[in-house]
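Engineer:
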Amino acid sequence: MAFIPTSTFTPLRSSFHSTTTKRRPIHYATSTPTPSHHSIHLCEKTPENQEQSVSLSDLNKLRATPSEQPEQPSSTAAPPQPIEAEQQQQDETTKKQEEIERLRAAEKFITVDEGRYECPACGYTYEPKQGEKQAGIQPGTPFEQLPATYFCPVCRTPKSRFISKKKVIAGFADNQSYGFGTNSMTAGQKNLLIFGGLVFAALLLLSGYGLN
Numbered sequence: 001m002a003f004i005p006t007s008t009f010t011p012l013r014s015s016f017h018s019t020t021t022k023r024r025p026i027h028y029a030t031s032t033p034t035p036s037h038h039s040i041h042l043c044e045k046t047p048e049n050q051e052q053s054v055s056l057s058d059l060n061k062l063r064a065t066p067s068e069q070p071e072q073p074s075s076t077a078a079p080p081q082p083i084e085a086e087q088q089q090q091d092e093t094t095k096k097q098e099e100i101e102r103l104r105a106a107e108k109f110i111t112v113d114e115g116r117y118e119c120p121a122c123g124y125t126y127e128p129k130q131g132e133k134q135a136g137i138q139p140g141t142p143f144e145q146l147p148a149t150y151f152c153p154v155c156r157t158p159k160s161r162f163i164s165k166k167k168v169i170a171g172f173a174d175n176q177s178y179g180f181g182t183n184s185m186t187a188g189q190k191n192l193l194i195f196g197g198l199v200f201a202a203l204l205l206l207s208g209y210g211l212n
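For the sequence shown, the positions run 1 to 212 when the UniProt record's numbering is used.
And the structure:
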């Protein structure tokens, strides 16, 4: 083992000690910087800070919830009709309306004057075919040919107050000449003809069973 003299070792120790004692201590910062995104500085836009400033409208758009976002049009929505299709639909509607008006104009109520007059007070009806035996009016005398002194035999209403009773026939005027004259009948006459025919057919059927 070699012997190291103390005179040579001491300078090394002193130099090491001197280097360790000359180091400066490291100081760590304990304060944390305040985040800048929590505060909004509203400043007037200038050409220098125009690109860095954020407007309130842009900030509201970024913070908007999904429910506040504008609704996107659904892809399943029906495409708009072309102009030609709309025009065609309007023409069809106009034609239908014109046809309805034409049919309404053709359906006229025909009034037939049968010469009967009714008393408005009591409802007595003067029949030209029957006449008025109590007043000495012969059958077949029209109401217009009655004297001015004629009055109602029931309530003494004068002739001037009598109202003409006319038969009203509903339907198209062109169809009144068809149906062997049945189209010109009133509702009561048609019912009488129908039910009378049914009764007559039933009587014929019963008479046939009676003969057998």
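Beta carbons: idealized from backbone N, C-alpha and C, even for Gly.
Decide if Phe162 is buried, meaning its Cβ has at least 16 other Cβ atoms within 10 Å, or exposed.
Structural biologist: Counting from one through the sequence shown, the residue named residue 162 turns up at place 162. By the 10 Å Cβ count, Phe162 comes out buried.
Engineer: Once DSSP output is grouped into helix, strand and coil, what is the label at Phe162?
Structural biologist: Against the sequence shown, residue 162 aligns to sequence position 162. If DSSP states are grouped into helix, strand and coil, Phe162 belongs with coil.
Engineer: Please classify Lys167: does DSSP put it in a helix, a strand, or coil?
Structural biologist: In the sequence shown, residue 167 corresponds to position 167, counting from 1. Lys167 falls in the strand class under three-state DSSP.
Engineer: Whose C-beta lies closer than 8 Å to the C-beta of Phe200 among residues of the same chain, with five residues either side of it excluded?
Structural biologist: Position 200 of the sequence shown, counting from 1, holds the residue named residue 200. Closer than 8 Å at the Cβ level, and outside the excluded window around Phe200, lies no residue.
Engineer: Please confirm whether Tyr166 and Thr111 have their CB atoms less than 7 Å apart.
Structural biologist: Sequence index remark: in the sequence shown, residue 166 carries index 166 (1-based). Sequence index remark: in the sequence shown, residue 111 carries index 111 (1-based). Note that residue 166 is Lys in the sequence shown, not Tyr. Taking C-beta atoms as the reference points, Lys166 and Thr111 count as a pair closer than 7 Å.
Engineer: Please classify Tyr209: does DSSP put it in a helix, a strand, or coil?
Structural biologist: The residue given as residue 209 occupies position 209 in the sequence shown. DSSP places Tyr209 within a helical segment (H, G or I) once states are collapsed to three.
Engineer: In angstroms, rounded to a whole number, what distance separates the CA positions of Phe143 and Ala121?
Structural biologist: As a working mapping, residue 143 is identified with position 143 in the sequence shown. As a working mapping, residue 121 is identified with position 121 in the sequence shown. So the alpha carbons of these two residues sit roughly 18 Å apart.
Engineer: Would you kindly check if the distance between the Cβ of Tyr117 and the Cβ of Val154 is under 7 Å?
Structural biologist: As a position in the sequence shown, residue 154 is number 154, starting the count at 1. As a position in the sequence shown, residue 117 is number 117, starting the count at 1. Tyr117 is positioned such that its CB atom lies no closer than 7 Å to that of Val154.
Engineer: Which word fits Tyr126, buried or exposed, when buried means at least 16 other C-beta atoms lie within 10 angstroms of its C-beta?
Structural biologist: Counting from one through the sequence shown, the residue named residue 126 turns up at place 126. Result: buried.
Engineer: Under 7 Å Cβ to Cβ from Gly115, same chain only, skipping five residues before and after it: list those, please.
Structural biologist: Locating residue 115 in the sequence shown gives position 115, counting from the first residue. The answer, listed in chain order, is Pro128, Pro142 and Phe143.
Engineer: Under 8 Å by Cβ, that's how I've got Cys119 and Thr93 pegged, so tell me the actual separation to the nearest angstrom.
Structural biologist: Here residue 119 is taken as the residue at index 119 of the sequence shown, counted from 1. Here residue 93 is taken as the residue at index 93 of the sequence shown, counted from 1. The pair is not a contact, with the Cβ atoms about 51 Å apart (cut-off 8 Å).
Engineer: Should Thr149 be flagged as near chain C, meaning a C-beta pair shorter than 7 Å?
Structural biologist: No chain C is part of this structure, which consists of one protein chain only.
Engineer: In the DSSP assignment, what residue or residues form a beta bridge with Glu132?
Structural biologist: Residue mapping note: residue 132 aligns to position 132 of the sequence shown, counting from 1. DSSP lists Ile137 as the bridge partner or partners of Glu132.
Engineer: Might you give, ordered along the chain, the residues of its own chain that have their beta carbon closer than 6 Å to the beta carbon of Ser164, omitting 5 neighbours on each side?
Structural biologist: Translated into positions along the sequence shown, residue 164 becomes position 164. Excluding sequence neighbours, Ser164 sits near Tyr117.
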